[in-house]
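K.L.:
Take the sequence shown: its letters are residues 1 to 416, numbered as in the UniProt record's numbering.
Ideal Cβ placement from N, Cα and C applies to all residues, glycine included.
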Amino acid sequence: LSQLPGWSMRPDGSIIVATGNDDALGVYTCTPYNSYGTAGKSQPTRVLLKDPPTFTVRPKEEYFQEVGRELVVPCVAHGDPPPTVSWLKVDSAGKTSIQVDGNSSLVFRPLVKEQHGVWECTATNQVASVSTTTSVHVLGTSPHAVTNVSVLPLMLAANISWEPGFDGGYFQRFSVWYTPLVKHLPRAHHDWVSLSVPVGAQHLLVENLQPDLSYQFSVLAQNKLGSGPFSQIVTSVPRGFPVTTVPPEPPAMTMHVFLSPPQALTANETVRGVLLQWEPPAQLSVALSGYTLELRQDKGGWEVLDRSIPSTKTQVLVPGLIKDAFYEFRLVAFAGSYISDPSNTVNISTAGMEVYPSRTQLPELLPQPVLAGVIGGICFLSVAIILSSVAACIMNRRRVSRVQKRRQGRSWLAGC
Numbered sequence: 001l002s003q004l005p006g007w008s009m010r011p012d013g014s015i016i017v018a019t020g021n022d023d024a025l026g027v028y029t030c031t032p033y034n035s036y037g038t039a040g041k042s043q044p045t046r047v048l049l050k051d052p053p054t055f056t057v058r059p060k061e062e063y064f065q066e067v068g069r070e071l072v073v074p075c076v077a078h079g080d081p082p083p084t085v086s087w088l089k090v091d092s093a094g095k096t097s098i099q100v101d102g103n104s105s106l107v108f109r110p111l112v113k114e115q116h117g118v119w120e121c122t123a124t125n126q127v128a129s130v131s132t133t134t135s136v137h138v139l140g141t142s143p144h145a146v147t148n149v150s151v152l153p154l155m156l157a158a159n160i161s162w163e164p165g166f167d168g169g170y171f172q173r174f175s176v177w178y179t180p181l182v183k184h185l186p187r188a189h190h191d192w193v194s195l196s197v198p199v200g201a202q203h204l205l206v207e208n209l210q211p212d213l214s215y216q217f218s219v220l221a222q223n224k225l226g227s228g229p230f231s232q233i234v235t236s237v238p239r240g241f242p243v244t245t246v247p248p249e250p251p252a253m254t255m256h257v258f259l260s261p262p263q264a265l266t267a268n269e270t271v272r273g274v275l276l277q278w279e280p281p282a283q284l285s286v287a288l289s290g291y292t293l294e295l296r297q298d299k300g301g302w303e304v305l306d307r308s309i310p311s312t313k314t315q316v317l318v319p320g321l322i323k324d325a326f327y328e329f330r331l332v333a334f335a336g337s338y339i340s341d342p343s344n345t346v347n348i349s350t351a352g353m354e355v356y357p358s359r360t361q362l363p364e365l366l367p368q369p370v371l372a373g374v375i376g377g378i379c380f381l382s383v384a385i386i387l388s389s390v391a392a393c394i395m396n397r398r399r400v401s402r403v404q405k406r407r408q409g410r411s412w413l414a415g416c
């Protein structure tokens, strides 16, 4: 054995051949012995070399065919002994009818919507088993059901996301359906509410939900040929407002955060106004769309100052503040349908500051629509006064002219 590379013997007398080749072919016998001798050789055994299956014709990675048409997917293998070729649909929930011709090709005659998916061709003989896969796309059908539906409970809201199924060869749109789970319903079914999803989106924020009440959610896909099946139903409970002053426990490190608030908001006084600076959110699951700046004056209600700050900005200048006032500022980030919690709040007092006017209309100034209405009303009143004065002058002149004509007529009659 030492003269044959890769050959070795186990303590129990078995021979290990690391690489099978022509050197291993032949007839073998085993002779056991000890200090007393041997009882003789074992019966002879023959070693033969066989070839595992290999594919000579593989199916393509993908096939696209119209529903109702014929589709043939080839799969040919050889080996020693000749392998058996079989087909199986991957992730099939139930039994799927399979038709195979004499060349081991998978035949769809006719092709139906349910045959859409991944198919596996397996070649097996006594030596080994090998397999390959292909994807069959059935065109001209209604959409397939979406998958991986997840619901993230938020404050009086829920964020629903999913992965689209195959669109059937046409553009597809989505809608989110939901209903509350109320005990002791007066009738046997629930009233489902549907919300349209913006084109291209794979998530939707459902707002105005009742706190601490279970809701069921499902997603429906539609194209020009009709609606696909509803997705699996997911149950979730939106969060409510805290009822005690005890701060909520921090979220677990494993909790998935879609969009965290802007960080490290600061305010600095400059000669042109107040300069606000911040850092972008630390965690976000989609591309950041921008920021919204909110302020309030003298502990009043929060109002939106600018709702279209670009996502590339990390600072903004706020001019035009009122003297001797107290302001608070905060930022909110948004990315698609996701809206973050407010950032930290910064305070600014304009007592003693030299404030420069600005074209930006702050909430405490007169809003532009109201200002435009006031100016328009003043202009209209001015024009009405001018027209009334002109009309009065014209009428007065006509009256004076008539009086003069009457006096001249009387003078002429007196002369006669």
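Taking only three categories from DSSP, how would you classify valine 176?
P.N.:
If DSSP states are grouped into helix, strand and coil, valine 176 belongs with the strands.
K.L.:
Any idea if tyrosine 215 is buried or exposed, counting beta-carbon neighbours within 10 angstroms, 16 or more meaning buried?
P.N.:
buried
K.L.:
If you reduce the DSSP assignment to three classes, tell me which class glycine 26 lands in.
P.N.:
strand
K.L.:
Leaving out five residues on either side along the sequence, give the residues of the same chain with a beta carbon under 8 Å from the beta carbon of threonine 56.
P.N.:
Val76, Ala77, His78
K.L.:
My understanding is that proline 238 touches alanine 128, with C-beta atoms under 8 Å, so please give their C-beta distance in whole angstroms.
P.N.:
Rounded, the Cβ-Cβ distance is 54 Å, inconsistent with contact.
K.L.:
Which value, in whole angstroms, describes the spacing of the CA atoms of aspartate 23 and leucine 106?
P.N.:
40 Å
K.L.:
Mind checking whether glycine 168 and proline 143 have CB atoms under 7 Å apart?
P.N.:
Yes, they are a contact pair.
K.L.:
Helix, strand or coil: how does DSSP classify arginine 58 here?
P.N.:
coil
K.L.:
Is the stretch 134-142 touching the stretch 63-72, taking contact as three or more C-beta pairs under 8 Å?
P.N.:
yes
K.L.:
Between which two residues does the beta strand (DSSP E) harbouring glycine 114 extend?
P.N.:
Here residue 114 is glutamate; the residue named in the question, glycine, does not match the sequence. Where glutamate 114 is concerned, there is no enclosing beta strand (DSSP E), given that its DSSP letter is neither H nor E.
K.L.:
Taking the C-alpha atoms as reference points, what is the distance between arginine 69 and asparagine 103?
P.N.:
C-alpha separation (whole angstroms): 20 Å.
K.L.:
Select from Asn34, Ala384, Tyr28 the residue whose C-alpha is nearest the C-alpha of serine 42.
P.N.:
Nearest option by C-alpha distance: Tyr28.
K.L.:
Who pairs with proline 310 in a beta bridge, going by DSSP?
P.N.:
Gly290
K.L.:
Go to asparagine 268, then tell me how far its beta strand (DSSP E) extends in each direction, as first and last residue.
P.N.:
263-270
K.L.:
In whole angstroms, what is the alpha-carbon distance linking glutamate 294 and cysteine 379?
P.N.:
34 Å
K.L.:
Let me make sure I understand the geometry here. Which of Phe217, Ser236, Lys224 has the alpha-carbon closest to that of phenylalanine 230?
P.N.:
Considering only alpha carbons, the answer is Phe217.
K.L.:
Is the stretch 80-88 touching the stretch 108-115, taking contact as three or more C-beta pairs under 8 Å?
P.N.:
no
K.L.:
Where does the unbroken beta strand (DSSP E) through methionine 155 begin, and where does it stop?
P.N.:
Unbroken run through methionine 155: none, as it is neither H nor E.
K.L.:
With DSSP run on the structure shown, which of helix, strand or coil describes serine 227?
P.N.:
strand
K.L.:
Grouping DSSP H, G and I as helix and E and B as strand, with all else coil, what is lysine 41?
P.N.:
Look at lysine 41 here: in three-state DSSP terms it is coil, with no helix or strand label.
K.L.:
Unbroken beta strand (DSSP E) runs of length 3 or more, entirely within the stretch 77-136: which are they?
P.N.:
84-89, 106-108, 117-124
K.L.:
Based on the DSSP output, what are the partners of asparagine 34 in its beta bridges?
P.N.:
Gly37
K.L.:
DSSP beta-bridge partners for phenylalanine 380?
P.N.:
None, per the DSSP bridge assignment.
K.L.:
Give the straight-line distance between the Cα atoms of serine 8 and serine 14, rounded to the nearest whole angstrom.
P.N.:
Serine 8 and serine 14 have their alpha carbons spaced roughly 8 Å apart.
K.L.:
Taking the Cβ atom as the reference point for each residue, do serine 260 and glutamine 297 lie within a distance shorter than 7 Å?
P.N.:
no
K.L.:
In this structure, what does DSSP give as the bridge partners for methionine 9?
P.N.:
Ile15
K.L.:
On a CA-only basis, which of Ala18, Thr31, Pro281 is nearest leucine 4? Give me that one, please.
P.N.:
Ala18
K.L.:
Would you kindly report the start and end of the unbroken beta strand (DSSP E) that includes tyrosine 170?
P.N.:
Run containing tyrosine 170: none; DSSP gives neither H nor E here.
K.L.:
Check the DSSP bridge columns for asparagine 347 and list the partner residues they point to.
P.N.:
Glu328
K.L.:
Let me make sure I understand the geometry here. Which of Lys50, Ser340, Thr270, Ser236 has the alpha-carbon closest to that of proline 281?
P.N.:
Ser340
K.L.:
Given a cut-off of 7 Å on the beta-carbon distance, is the pair valine 197 and valine 138 in contact?
P.N.:
no
K.L.:
Can the beta-carbon of glycine 336 be found less than 7 Å from the beta-carbon of proline 310?
P.N.:
Contact: no.
K.L.:
Looking only at its own chain, which residues have a Cβ that is under 7 Å from the Cβ of valine 304, when we skip the five neighbours before and after it?
P.N.:
Thr292, Glu294
K.L.:
Would you decide whether asparagine 21 is buried or exposed? Buried here means 16 or more other CB atoms lie within 10 Å of its CB.
P.N.:
exposed
K.L.:
Near valine 47, what residues of its chain come up, given a Cβ to Cβ distance below 8 Å and the 5 sequence neighbours on each side ignored?
P.N.:
Ala24, Leu25, Gly26, Val27, Tyr28
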